[in-house]
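Asker:
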Amino acid sequence: MRTSNQNDSDPDQDVVFEVRDLEVTFGTNRGESRVVRNVDFDIYRNETLGMVGESGSGKSMTSSALMNAVVSPGETSGEVTYYPPGGGEPISVLDLDEEELRKFRWGEVAMVFQGAMSSFNPVKKVRGHFKETLEDHNRDVEAGLERAHQILGDLYLDPDRVLDSYPYELSGGMKQRALVALALILEPEVLVMDEPTAALDLLMQRSIVSLLKDLKEEYDLTIIFITHDLPLLTKLADRLVVMYAFDIVEVGSTEELLYDAAHPYTRSLLNATPDLNAPIEEMQSISGSKPDPVTNIPGCSYRPRCPMADESCAEAEPPMADRGNGHRTACFYHDDVADEIPIPAMEAAEEGGEGE
Amino acid sequence: MSVDNSILSVDDVSVHFTDSSGFLGLFGERQTVRAVDGISLDIGENDVVTLIGESGCGKSTLGKTIIGAQEPTHGSVTFRGQDIWEAKNNRNPDIPFSEIRRSLQIIHQDPGSALNPNQRILTSLMLPLKKWNPSLGEEERRKRIYALLERVGLTPAEDFVERFPHQLSGGEKQRVVLVRSLLLNPDVILADEAISALDVSLRVEMMDLMLELQDLFNTSYVFISHDLSNARYIAEKSGGRIAVMYLGRIVEVGPIEQVIGDPQHPYTQALKWATPNLYEGDEDDDLPIRKIDIPDPTNRPSGCHFHPRCPKAREVCETNDPGAFEDENGHAARCFRADDTHEYWDSPSIVDD
Numbered sequence: 005m006r007t008s009n010q011n012d013s014d015p016d017q018d019v020v021f022e023v024r025d026l027e028v029t030f031g032t033n034r035g036e037s038r039v040v041r042n043v044d045f046d047i048y049r050n051e052t053l054g055m056v057g058e059s060g061s062g063k064s065m066t067s068s069a070l071m072n073a074v075v076s077p078g079e080t081s082g083e084v085t086y087y088p089p090g091g092g093e094p095i096s097v098l099d100l101d102e103e104e105l106r107k108f109r110w111g112e113v114a115m116v117f118q119g120a121m122s123s124f125n126p127v128k129k130v131r132g133h134f135k136e137t138l139e140d141h142n143r144d145v146e147a148g149l150e151r152a153h154q155i156l157g158d159l160y161l162d163p164d165r166v167l168d169s170y171p172y173e174l175s176g177g178m179k180q181r182a183l184v185a186l187a188l189i190l191e192p193e194v195l196v197m198d199e200p201t202a203a204l205d206l207l208m209q210r211s212i213v214s215l216l217k218d219l220k221e222e223y224d225l226t227i228i229f230i231t232h233d234l235p236l237l238t239k240l241a242d243r244l245v246v247m248y249a250f251d252i253v254e255v256g257s258t259e260e261l262l263y264d265a266a267h268p269y270t271r272s273l274l275n276a277t278p279d280l281n282a283p284i285e286e287m288q289s290i291s292g293s294k295p296d297p298v299t300n301i302p303g304c305s306y307r308p309r310c311p312m313a314d315e316s317c318a319e320a321e322p323p324m325a326d327r328g329n330g331h332r333t334a335c336f337y338h339d340d341v342a343d344e345i346p347i348p349a350m351e352a353a354e355e356g357g358e359g360e
Numbered sequence: 020m021s022v023d024n025s026i027l028s029v030d031d032v033s034v035h036f037t038d039s040s041g042f043l044g045l046f047g048e049r050q051t052v053r054a055v056d057g058i059s060l061d062i063g064e065n066d067v068v069t070l071i072g073e074s075g076c077g078k079s080t081l082g083k084t085i086i087g088a089q090e091p092t093h094g095s096v097t098f099r100g101q102d103i104w105e106a107k108n109n110r111n112p113d114i115p116f117s118e119i120r121r122s123l124q125i126i127h128q129d130p131g132s133a134l135n136p137n138q139r140i141l142t143s144l145m146l147p148l149k150k151w152n153p154s155l156g157e158e159e160r161r162k163r164i165y166a167l168l169e170r171v172g173l174t175p176a177e178d179f180v181e182r183f184p185h186q187l188s189g190g191e192k193q194r195v196v197l198v199r200s201l202l203l204n205p206d207v208i209l210a211d212e213a214i215s216a217l218d219v220s221l222r223v224e225m226m227d228l229m230l231e232l233q234d235l236f237n238t239s240y241v242f243i244s245h246d247l248s249n250a251r252y253i254a255e256k257s258g259g260r261i262a263v264m265y266l267g268r269i270v271e272v273g274p275i276e277q278v279i280g281d282p283q284h285p286y287t288q289a290l291k292w293a294t295p296n297l298y299e300g301d302e303d304d305d306l307p308i309r310k311i312d313i314p315d316p317t318n319r320p321s322g323c324h325f326h327p328r329c330p331k332a333r334e335v336c337e338t339n340d341p342g343a344f345e346d347e348n349g350h351a352a353r354c355f356r357a358d359d360t361h362e363y364w365d366s367p368s369i370v371d372d
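Chains as they are written, first to last, in this note's numbering: chain A, 5 to 360; chain B, 20 to 372.
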């Protein structure tokens with residue numbers, strides 16, 4: 005449990021989601037599996053927030069909890085507060101009943117999952133999906149389809165051809181873009197995207213990221229983008245949330261986390277990520293294996309893999325330390341991390357005059 | 020493109036798939052996908068070739084053809100001078116087909132489905148040894164397996180061999196699969212997206228391990244990836260080559276420094292643009308391609324297959340198919356722009372601004 009004053013939102017920011025003490029647990033025959041542990045964070049209006057972490061670090065579960073959409077038998081507890089635009093009454097998402105949730109999802113917050121392939125009904129044309137969604141939410145179908153045309157066009161698709169196709173007639177990249185359009189059809193405020201590009205080719209991934217930037221401007225969206233692809237994320241996100249072992253270990257602006265990351269995990273992750281410029285002799289994987297959601301590691305959860313860990317890391321869980329400018333990190337030694345774990349790729353870029 | 024002391028030689032190979040199934044065939048024309056279209060490539064001793072391209076470009080089909088798992092519809096694949104498919108169909112080849120089969124191994128993308136879930140790791144590793152080295156005794160086989168497992172960091176090996184696949188992590192499973200292919204002491208291993216399913220934090224380690232073992236076993240790799248950063252890592256670290264595929268053809272090939280550092284083909288340039296780097300200022304967000312979607316592979320564009328997407332296309336590209344222009348370093352690109360004196364330079368642009 006992190007203790008500190010982090011529970012106060014930044015007063016200068018227009019917060020759209022406030023998440024406090026979020027817990028998601030699953031009962032298993034090996035004991036209780038805590039897949040999200042005491043997570044606190046805010047999402048600001050009209051930002052793109054990137055969530056990054058290894059598979060199984062809890063990022064998908066955290067994002068599902070934003071819509072109270074954790075699959076049964078998962079149990080979600082804590083507070084998720086949604087602030088509608090224009091100063092409307094705050095909504096406590098975890099307390100909504102079924103009917104209220106149905107309106108909230110898609111209308112206020114829409115989600116695009118990994119694997120567009122299985123998100124469409126295979127025996128229904130794409131147009132049918134749009135119509136059904138509009139009808140279900142009592143919207144004007146005519147005007148809605150007009151809007152669908154426009155969004156599909158914005159995504160470099162031929163609207164009529166796509167609407168008149170069955171899902172199998174579209175390529176993976178086309179389906180993924182049609183799914184983004186479908187998510188936006190009810191004009192949501194927030195778009196949550198869970199690995200939306202993981203199954204796509206790199207040219208399509210990068211293209212979708214460029215298109216998302218345009219969409220965000222055009223439709224005033226707040227975007228939450230979840231992925232393990234850190235380089236891609238840095239091209240899109242304003243702020244990054246780094247998850248490790250079911251909790252947030254570092255949060256800050258993308259710039260800040262790239263150049264001044266203060267958690268050993270974030271820095272090691274940067275060193276483990278291959279890109280075209282990184283000096284290959286310096287790249288290193290993170291040794292050790294990721295933690296099991298059933299076990300509780302006393303103290304810092306990264307301790308078993310951390311090169312800087314000492315006894316004090318075993319005794320208590322490090323609180324979120326505030327490093328200013330909204331940059332917070334859960335490490336006792338956050339002031340020393342930069343010296344202990346250098347990032348050769350960053351240094352090379354700075355020497356080349358490409359850095360800050 | 021040729022290398023000295025080549026083990027495998029792919030000569031003008033094509034693989035065409037013709038759709039002959041379903042009742043649609045009654046009405047429509049038969050559709051042919053040219054998954055691999057006239058490719059030649061040599062693989063030497065201790066060589067590393069990485070194949071990169073979008074899904075559907077034919078990289079896996081080419082990979083399988085290289086190791087003799089897919090019969091080409093045209094052209095030949097020879098292993099140490101022996102035509103693989105003649106060896107299969109001929110009773111007295113110089114090198115028997117089974118020997119070729121053993122020498123050319125494959126590692127798949129998903130290690131989870133490459134291991135029998137109902138067999139202990141030991142069984143999965145013993146079977147291939149038993150099949151190919153029947154003279155080895157059980158003790159000897161076990162010894163070899165233990166030694167290799169320890170070599171790839173699965174220690175203690177005695178403990179690992181007793182486990183079932185579900186008791187291993189993704190990275191551990193991929194190591195077991197690597198060990199299984201190395202046990203046969205192959206000459207070439209095809210690694211088809213072998214690290215794509217691993218977490219980012221583990222990929223570098225896995226690639227390093229594969230290269231370490233290359234030195235030890237004198238193995239060549241054909242490494243298939245859709246990710247340019249991974250392909251660059253393994254090719255640069257091994258001093259290997261990279262081949263960029265588009266719609267069944269190699270559009271650019273050469274030493275990694277040149278293909279990544281100075282890409283000649285607009286498609287390679289687009290792939291490079293699409294590969295984000297961590298420490299790099301805000302690069303251009305404008306797409307360096309005119310169309311996002313890949314054309315229908317059954318109906319490939321005329322002339323240069325890339326021209327409908329190419330931002331540098333000119334009229335000549337619509338009608339003429341560029342051959343490969345190779346420079347003195349073995350860096351070749353199938354684009355008129357690689358030839359300073361080509362009529363392309365006088366041809367009007369077909370790109371609207």
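C-beta atoms are modelled at their ideal positions from N, C-alpha and C, and glycine is treated no differently. Keep in mind it's a predicted model, so treat the numbers as computed, not measured.
#1: For the region 216-239 of chain A, which residues have a beta carbon sitting closer than 8 Å to at least one beta carbon of chain B?
#2: By the DSSP assignment, the beta strand (DSSP E) with A:LEU195 in it spans what residues?
#3: Among the residues of its own chain, which have a CB less than 6 Å from the CB of A:SER1, if the five just before and after it don't count?
#4: By alpha-carbon positions, which one of B:VAL32, B:SER25, B:ASN24 and B:GLN101 ends up nearest to B:ARG268?
#5: Taking all protein chains shown into account, do 16 or more other C-beta atoms lie within 10 angstroms of the C-beta of A:ARG6, making it buried, or fewer, making it exposed?
#6: When you compare the CB of A:MET5 with every CB in chain B, is at least one pair closer than 8 Å?
#7: Need the endpoints of the alpha helix (DSSP H) that B:TYR252 sits in, please.
#8: Excluding sequence positions up to five away, which residues of its chain have a Cβ less than 7 Å from the Cβ of B:ARG199?
#9: Only counting runs of 4 or more residues, tell me where the alpha helix (DSSP H) segments fall wholly within the region 214-288 of chain A, in order along the chain.
#10: Using a Cβ-Cβ cut-off of less than 7 Å, list which residues of the region 149-166 of chain A approach chain B; keep chain order.
#11: Find the residues of chain B that neighbour A:GLU173, judging by a C-beta separation of less than 8 Å, and give them in chain order.
#12: Helix, strand or coil for A:MET350 per DSSP?
#13: At which residue ranges does the region 126-172 of chain B contain complete alpha helix (DSSP H) runs of 4 or more residues, listed in the order of the chain?
#14: Using only CA atoms, which one of A:ALA203, A:LEU262, A:PRO311 and A:HIS232 lies nearest to A:MET350?
#15: Quick check: does the Cβ of B:ASN108 come within less than 7 Å of any heavy atom belonging to the ligand GTP?
#16: Within a Cβ cutoff of 6 Å, which residues of the same chain sit near A:PRO94, ignoring the five residues on either side of it in sequence?
#17: Going by DSSP, name the residue or residues bridged to A:MET115.
#18: Considering only C-alpha positions, which residue in the set A:HIS267, A:GLU285, A:VAL194 and A:GLY330 is nearest to A:ARG309?
#19: May I have the straight-line CA-CA distance separating A:GLU112 from A:ALA352, to the nearest angstrom?
#20: Quick check: what's the CA-CA separation for B:TYR165 versus B:LEU221?
#21: Can you grab the Cα-Cα spacing for the pair B:GLY258 / B:ILE62, in whole Å?
#22: Use the C-beta contact count for B:GLY240: other C-beta atoms within 10 angstroms, 16 or more gives buried, fewer gives exposed.
#23: Anyone know if the C-beta pair for A:ILE228 and A:VAL194 falls short of 8 Å?
#24: Which residue wins for smallest C-alpha separation from B:SER244, given the options B:PRO136, B:VAL270, B:SER215 and B:PRO327?
#25: Could you work out which residues of chain A lie near B:ALA388, taking near to mean beta carbons separated by less than 8 Å?
#26: Out of B:ARG163, B:ASN348 and B:GLU191, which has the shortest C-alpha to C-alpha gap to B:LEU201?
#27: Can you name, in chain order, every residue of its own chain whose Cβ lies under 8 Å from the Cβ of B:ASN24, other than the five neighbours on each side?
#28: Does any CB atom of chain B fall closer than 8 Å to the CB of A:PRO322?
#29: What did DSSP end up calling A:GLY359 once you bin it into helix, strand or coil?
#30: Are the region 318-328 of chain A and the region 290-309 of chain A touching, with three or more C-beta to C-beta distances below 8 Å?
#31: How many Å lie between B:MET226 and B:ILE208 at the Cα?
#32: Quick check on the burial criterion: 16 or more other C-beta atoms within 10 angstroms. Buried or exposed for A:GLN133?
#33: List the endpoints of the continuous beta strand (DSSP E) containing A:ASN42.
#34: What residues of chain B sit near A:PRO308, judged by a beta carbon separation below 9 Å?
#35: Cα separation between A:GLY62 and B:SER95?
#36: If we ignore side chains and look at the alpha-carbon of each, how far apart do B:GLN50 and B:PRO175 end up?
Answerer: Taking the structure as given:
#1: LYS217, HIS232, ASP233, LEU234, PRO235, LEU236, THR238 and LYS239
#2: 194-198
#3: Missing from the structure shown is residue 1 of chain A; chain A here goes from 5 to 360 and no further.
#4: B:VAL32
#5: With a pLDDT of 48 at A:ARG6, under the threshold of 50, the predicted position of this residue should be treated as unreliable, though the coordinate-derived value follows. Result: buried.
#6: Any reading at A:MET5 must be qualified, since the residue scores a pLDDT of 44, below 50, and its modelled position is unreliable; no value is offered.
#7: 247-257
#8: SER143, LEU144 and PRO147
#9: 234-238, 258-264 and 268-276
#10: TYR160
#11: Residues of chain B passing the Cβ test: none, with the nearest at roughly 11 Å.
#12: helix
#13: 130-133, 140-151 and 157-170
#14: A:LEU262
#15: Questions concerning the ligand GTP fall outside what the structure shown contains, since it holds no ligand whatsoever.
#16: THR85 and TYR87
#17: A:VAL196
#18: A:HIS267
#19: 44 Å
#20: 23 Å
#21: 13 Å
#22: Sequence check: residue 240 of chain B is Tyr here, not Gly. B:TYR240 comes out buried.
#23: yes
#24: B:SER215
#25: In the structure displayed, chain B extends from 20 to 372; residue 388 of chain B sits before or after that span and is not available.
#26: B:ARG163
#27: GLY63 and GLU64
#28: no
#29: In this prediction, A:GLY359 has a pLDDT of 40, which is less than 50 and means its spatial position is unreliable; nothing more can be read from the coordinates.
#30: yes
#31: 13 Å
#32: What sits at residue 133 of chain A in the sequence shown is His, not Gln. Buried: at least 16 other Cβ atoms inside 10 Å.
#33: 35-48
#34: By Cβ distance, chain B contributes nothing, its closest Cβ being about 14 Å from A:PRO308, past 9 Å.
#35: 50 Å
#36: 53 Å
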